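Student: Before I ask anything, let me first share the structure, which is written out below as structure tokens.
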Amino acid sequence: MSEPRINERIRVPEVRLVGPGGEQVGVVRVEDALRLAQEADLDLVEVAPDARPPVAKLMDFGKFKYESAMKARDARRNQANTVLKEIRFRLKIDPHDYATKKGHVERFLKGGDKVKVMIMFRGREQSRPEMGMRLLQRLAEDVSELGSVESSPRLDGRNMTMVIGPHKKKAEAKSEQRRKRDEERSAKKADKNVPDESVPDEARA
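Each residue of the sequence shown is one higher than the one before, counting from 334 in my numbering.
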């Protein structure tokens, strides 16, 4: 995306001017807008070039560029932190295996990750997709306190897939885990610092 035109690069006779606090100044000649920008030690930045007349705002363009870059970096970082985990089920899964795999799904959701659940059909099982649907719905209900279905069960060749996403964003989940760890550490430290009342003062001395 190209940078907006600023200051003398704005070559139109007039602009709809917006003040530094977002206040509407109105339609003014571009020369007057540039003068106001110089007096306020700010830049005149064209923010809506396709409007008639174009909209320009008084702002610190260097600061605006820096803040925009930081927001873009944070957005990329958050996007990179979103992990799609995958768990595979067999249609005829025994209760113990189901409980184990469900535990993995719960752990992923608690960590703020999405989970792609896949059922692999073998042989004649392909003629019973409704059984796979029931298994996925059962799993979704079992973990409903931690996450919800983002992508409903769908058949893809020999597999049926469903995506479950956590209720909380990853950052919130991580910060909550960190807070709990800090609380536990503080509690342990406090316990160590509390004197044992059962030991007589002479023994302590």
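Note that the Cβ used here is the ideal one computed from N, Cα and C, for glycine as well.
All figures in this text were calculated on a predicted structure; none of them were measured in a lab.
1) Would you call the segment 417-430 and the segment 447-461 in contact, with 3 or more CB pairs under 8 Å?
2) Return the first residue and the last residue of the alpha helix (DSSP H) that R440 is part of.
3) P386 to S401, Cα distance in whole Å?
4) Once DSSP output is grouped into helix, strand and coil, what is the label at D489?
5) Compute the beta-carbon to beta-carbon distance between K434 and V476, rounded to the nearest angstrom, for a pair I have assumed lies under 8 Å.
6) When you compare each of K396, V388, A381 to D374 by their alpha carbons, which one comes out closest?
7) Threshold first: 3 residues or longer. Then list the beta strand (DSSP E) segments lying entirely within the segment 351-382, N to C.
8) So which of E463, P382, R457 has the shortest CA-CA distance to P337?
Tutor: Quick answer:
1) In this structure the segment 417-430 lies against the segment 447-461, because at least three pairs of beta carbons, one per stretch, are closer than 8 Å.
2) For the purposes of this step, residue 440 is identified with residue 107 of the sequence shown, where counting begins at 1. Counting along the chain, R440 sits inside the alpha helix (DSSP H) bounded by residues 428-443.
3) On the sequence shown, residue 386 is found 53 positions in, with the first residue counted as 1. On the sequence shown, residue 401 is found 68 positions in, with the first residue counted as 1. Their backbone Cα atoms lie some 25 Å apart in a straight line.
4) For this step, residue 489 is matched to residue 156 along the sequence shown. Residue state for D489 is assigned as strand, using DSSP reduced to three classes.
5) Here residue 434 is taken as the residue at index 101 of the sequence shown, counted from 1. Here residue 476 is taken as the residue at index 143 of the sequence shown, counted from 1. Their Cβ separation, rounded to whole angstroms, is 11 Å, which puts K434 and V476 out of contact at 8 Å.
6) In the sequence shown, the residue the question calls residue 374 occupies position 41. Comparing Cα-Cα distances from D374 to each of K396, V388, A381, the minimum goes to K396.
7) 357-362, 376-381
8) Residue mapping note: residue 337 aligns to position 4 of the sequence shown, counting from 1. Selected option, being the one with the closest Cα: P382.
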